[in-house]
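Chains A and B supply the protein sequences, listed in that same order.
Position one of the first sequence corresponds to residue 34 (this note's numbering), numbered consecutively onward.
Position one of the second sequence corresponds to residue 11 (this note's numbering), numbered consecutively onward.
The beta carbon of each residue, even a glycine, is placed where N, CA and C say it ideally should be.
Read the structure below first, then the notes.
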Amino acid sequence: DAGVIQSPRHEVTEMGQEVTLRCKPISGHNSLFWYRQTMMRGLELLIYFNNNVPIDDSGMPEDRFSAKMPNASFSTLKIQPSEPRDSAVYFCASRGGTGGQETQYFGPGTRLLVL
Amino acid sequence: KQEVTQIPAALSVPEGENLVLNCSFTDSAIYNLQWFRQDPGKGLTSLLLIQSSQREQTSGRLNASLDKSSGRSTLYIAASQPGDSATYLCAVRSGNTPLVFGKGTRLSVIA
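This is how it looks when you write it as structure tokens:
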């Protein structure tokens, strides 16, 4: 398996523009997570899905952030409009398995810079 | 609410030394615990997962232990190498919920 795939790997945009981050989880995994990581705040959970259904989006900072999971193999995180304070590394992770062995795997991240 | 603490925040050791990284959590009713490694500018790599019913897990020079009753886990690294330099994160899961992460320990192994 190729692991969790994220695109783009790097994104530079100007304030006010729409940003869309993409994630392909590991095949067969039924949970998907979006995180944001900054030096100041560390790793923050934004939202997670079980079986394509959003379970908890309390970590989404503002209404400018939205996430979708239209099917088991694809998810997007959208920021509209983007602001400089959104600059961070955004990670997608997926989890699957049973019986306590549900290891969580992370993608390589998307490094976002909003100017 | 589960809280995970990792001490120390940073650690510098000479090559070859055995070392222990500590992780503590406030709610002992956990489902499993996972240790990750993160290299600068990279994603998180899973190192070891310990189920709540287990006491330890081993992978190569790494050994992770779990003491649920005291809310503690340790990651033991034997014969440290410069390539072990990274940030190590501990994360705890309670039930069908997301992992709760500590802030990590930044390890530097000096040649």
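Counting only residues of its own chain and dropping the five nearest sequence neighbours on each side, A:T71 has a CB closer than 7 Å to the CB of A121. Under a 10 Å Cβ-count criterion, A:G140 is classified as buried, with 16 or more other Cβ atoms of the shown protein chains found around its own Cβ.
With respect to B:L57, B:W45 sits close: the two C-beta atoms are nearer than 9 Å. The residues Q12, V14, V102, in chain order, have a CB closer than 6 Å to that of B:V110 in the same chain once the five nearest residues on each side in sequence are set aside. Those residues of the segment 54 to 87 of chain A placed with their C-beta closer than 7 Å to a C-beta in chain B are F66, G75, L76, L78, Y81, ordered along the chain.
Along the length of the segment 35 to 118 of chain A, whole beta strand (DSSP E) runs at least 3 residues long occupy 38 to 40, 43 to 46, 52 to 57, 64 to 71, 75 to 83, 86 to 89, 98 to 104, 107 to 112, reported in chain order. Nearest to A:R97 by C-alpha distance, out of A:Q50, A:V37, A:L145, A:I38, is A:Q50. The residues F46, R47, Q48, L99, in chain order, have a CB closer than 8 Å to that of B:L54 in the same chain once the five nearest residues on each side in sequence are set aside.
In the assembly as shown, A:T143 is a buried residue. Its beta-carbon has 16 or more other beta-carbons within 10 Å. Taking 9 Å as the cut-off, the Cβ atoms of A:V37 and A:Y138 count as close.
A:M48 and A:E116 do touch by the CB rule: their CB atoms are close to 6 Å apart, below 8 Å.
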